[in-house]
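Colleague:
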Amino acid sequence: MRPVLAVLRKDLRLELRTFETLPAMVLFSVSTFVIFHFALARSTISGQLAAGVLTVTLLFAALLGSGRLFVAEREQGGFDAFLLAPVDRTSLLLAKAAAMFLFLAVLEVVAVPAFALLLLGPSLGPRLPGLIAVLALADLALAVIGTLVSAIAIHTRARDMISPIIGLPLLLPALIATARAAAVVLAPHAAGTPPGRWLLILALYDVVFALLSYAVFDFLLED
Amino acid sequence: MSYGRGLRVLSFVTIATITLALALVFFYAPLDVNQGFIQKIFYIHVPLAITALCGFVFGGLLAIGHLRTGDRKWDLRSYVAIHMALIFGVAGLITGSIWAKASWGHWWVWSDPTLVSFLIVMLLFATYQPLRFSIEDPERQARYASVFAIVAGAFVPLNFIAVRMAQGFVHPRVLTLTGGHLPGSMGLTFAISLIGIALLYTTLWKYEIAAKQARMQLRRLRRAALGEDALRPLGRSAAPS
Numbered sequence: 001m002r003p004v005l006a007v008l009r010k011d012l013r014l015e016l017r018t019f020e021t022l023p024a025m026v027l028f029s030v031s032t033f034v035i036f037h038f039a040l041a042r043s044t045i046s047g048q049l050a051a052g053v054l055t056v057t058l059l060f061a062a063l064l065g066s067g068r069l070f071v072a073e074r075e076q077g078g079f080d081a082f083l084l085a086p087v088d089r090t091s092l093l094l095a096k097a098a099a100m101f102l103f104l105a106v107l108e109v110v111a112v113p114a115f116a117l118l119l120l121g122p123s124l125g126p127r128l129p130g131l132i133a134v135l136a137l138a139d140l141a142l143a144v145i146g147t148l149v150s151a152i153a154i155h156t157r158a159r160d161m162i163s164p165i166i167g168l169p170l171l172l173p174a175l176i177a178t179a180r181a182a183a184v185v186l187a188p189h190a191a192g193t194p195p196g197r198w199l200l201i202l203a204l205y206d207v208v209f210a211l212l213s214y215a216v217f218d219f220l221l222e223d
Numbered sequence: 001m002s003y004g005r006g007l008r009v010l011s012f013v014t015i016a017t018i019t020l021a022l023a024l025v026f027f028y029a030p031l032d033v034n035q036g037f038i039q040k041i042f043y044i045h046v047p048l049a050i051t052a053l054c055g056f057v058f059g060g061l062l063a064i065g066h067l068r069t070g071d072r073k074w075d076l077r078s079y080v081a082i083h084m085a086l087i088f089g090v091a092g093l094i095t096g097s098i099w100a101k102a103s104w105g106h107w108w109v110w111s112d113p114t115l116v117s118f119l120i121v122m123l124l125f126a127t128y129q130p131l132r133f134s135i136e137d138p139e140r141q142a143r144y145a146s147v148f149a150i151v152a153g154a155f156v157p158l159n160f161i162a163v164r165m166a167q168g169f170v171h172p173r174v175l176t177l178t179g180g181h182l183p184g185s186m187g188l189t190f191a192i193s194l195i196g197i198a199l200l201y202t203t204l205w206k207y208e209i210a211a212k213q214a215r216m217q218l219r220r221l222r223r224a225a226l227g228e229d230a231l232r233p234l235g236r237s238a239a240p241s
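Sequence order for the protein chains is B and A. The first sequence begins at 1 in this note's numbering and counts up by one. The second sequence begins at 1 in this note's numbering and counts up by one.
(1) I want to check one thing, is the minimum distance from the CB of B/ALA50 to the heavy atoms of the ligand NAD below 8 Å?
(2) If I measure Cβ to Cβ from A/TRP99 and keep anything under 6 Å in the same chain, skipping five residues before and after, which residues do I get?
(3) Could you check the C-alpha separation between B/HIS189 and B/LEU137 for me, to the nearest Å?
(4) Between the stretch 58-71 of chain A and the stretch 141-153 of chain A, can you find at least three pairs of beta-carbon atoms closer than 8 Å?
(5) Could you give the residue range of the alpha helix (DSSP H) that holds A/TRP104?
(6) Thinking just about the alpha-carbon of each residue, which of B/VAL106, B/GLY125, B/LEU212 is nearest to the one in B/ALA24?
(7) Given this structure, state the Cα-to-Cα distance separating A/VAL25 from A/THR17, to the nearest angstrom.
(8) Does the beta-carbon distance from B/ALA99 to B/LEU12 come in below 9 Å?
(9) Does the beta carbon of B/ARG74 come closer than 9 Å to any beta carbon on chain A?
(10) Could you check what DSSP says for B/ILE154 in three-state terms: helix, strand or coil?
(11) Pull up the CB-CB distance for B/VAL134 and B/VAL185, whole angstroms please, since I reckon it's below 8 Å.
(12) Distance, Cα to Cα, B/LEU14 vs A/PHE133?
(13) Near B/PHE60, what residues of its chain come up, given a Cβ to Cβ distance below 8 Å and the 5 sequence neighbours on each side ignored?
(14) Using the Cα positions of A/ALA49 and B/ASP88, report the straight-line distance between them to the nearest angstrom.
(15) Nearest-angstrom Cα distance between B/ARG197 and A/VAL163?
(16) Can you tell me whether A/PHE37 is buried or exposed? The criterion is at least 16 other CB atoms within 10 Å of its CB, across all chains shown.
(17) Compute the Euclidean distance between the alpha carbons of A/VAL147 and B/GLY77, then round it to the nearest angstrom.
(18) Taking the alpha-carbon positions, what's the A/GLY4 to A/MET84 distance?
(19) With a threshold of 8 Å on Cβ separation, who are the neighbours of A/GLU208 within its own chain once the five nearest residues in sequence on each side are excluded?
(20) Please report how far the alpha carbon of B/LEU232 lies from the alpha carbon of A/THR114, in whole angstroms.
(21) For the stretch 158-178 of chain B, list every residue whose C-beta sits within 7 Å of some C-beta in chain A, in sequence order.
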């Protein structure tokens, strides 16, 4: 567990000192809400439309963030240093996925209120607990798949293109579940509790892909 | 060293089975009451799609062999399995589209979970070749492609569950666990067609592996006989070499 915490602490400190990734993700999300306002020609949205806008925006912001995840390791020899250290290699996966999850959580702390302010019709207050449950599970999926795909793509020539084209289809089941669950939460006259069926699918997806990533991640670092 | 052992027998069995299947499709299976003649595309379309999906999962299983042993021959097998499954999958999508146009009036129907899941799986596996192509080091290319194949192979069943839950049932549910409601003659024809297409997949898979291995061996021999400079370097390719 200690190597995981060490790498995680390194990543968070790097982010706090440079502010490279998170502000970009936040700005990207807010700009996307403005774009959706004009593209849909609506000033307030709710239900499935609101869920779709929120899901798509967070997905693309997550892809933006995951593209930066291993850049420091690649450019400054972090991979070699990590391979030289006598630690379990999957701890890099755990640390990066945890960092990604934290980035997404911070992003949503800003982006979800901004979404409620700019676009959402129904009031956010009573729907917040349900939305947090859905988004937490969705963030887990985005963090795991984002880390895995980013680790695959970082050593390819066309890495900026490879990671979204692999990541989008791979994330589709999780996105279906997120959008459907959030639609119920954000519906105009609803209690705001997410349907258990979709939360179950999201949780199943998270568990399966977390285990799978854990199993294969070793082979992405071998050299 | 002999390549493609048993290929001749397999090829003849495949030709015989497909001929038998086509004969049954056109002369034995009854015409569908509602859809008429166009329903016969079902005997090609469904086996193609099933074979493609099994081919994707098969490629993932072979990739496990590569990561466990580190032997590049497993990577070649996995590559060819996915390559063939992609071709069968495109054929399945096209035949499915034709059937959809004929029976539902549209080339594409979003309300059908099987069709949509299949498209998502195809979109994912369509990135297999670009991924291989953008990694230069052959050893790393093989390893990363295997990781991708395993993750994507496991993705296939999960994706079907998620998409099915998102939508209602429009597709004619002919293949249920309870036996479905195909009349016996249609069921027999379908089973023979499925075996025929699966045999075709296996034959083509073995052919391509044999051809690739023979080419590699030939290049090795040429290099040994004529010297390193006698061979033109291969153009960059996504295939294992």
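All C-beta atoms, glycine included, are put in the ideal place defined by N, C-alpha and C.
Modeller: In terms of the structure at hand:
(1) With respect to the ligand NAD, the structure shown offers nothing to examine, as it has no ligands at all.
(2) ILE41, HIS45
(3) 24 Å
(4) yes
(5) 72-104
(6) B/VAL106
(7) 12 Å
(8) yes
(9) no
(10) coil
(11) 6 Å
(12) 33 Å
(13) PHE28, THR32
(14) 41 Å
(15) 13 Å
(16) exposed
(17) 23 Å
(18) 17 Å
(19) VAL80, HIS83, MET84
(20) No answer is possible for residue 232 of chain B: the residues shown for chain B start at 1 and end at 223.
(21) ALA158, ILE162, ILE165, ILE166, PRO169, LEU170, LEU172, PRO173, ILE176, ALA177
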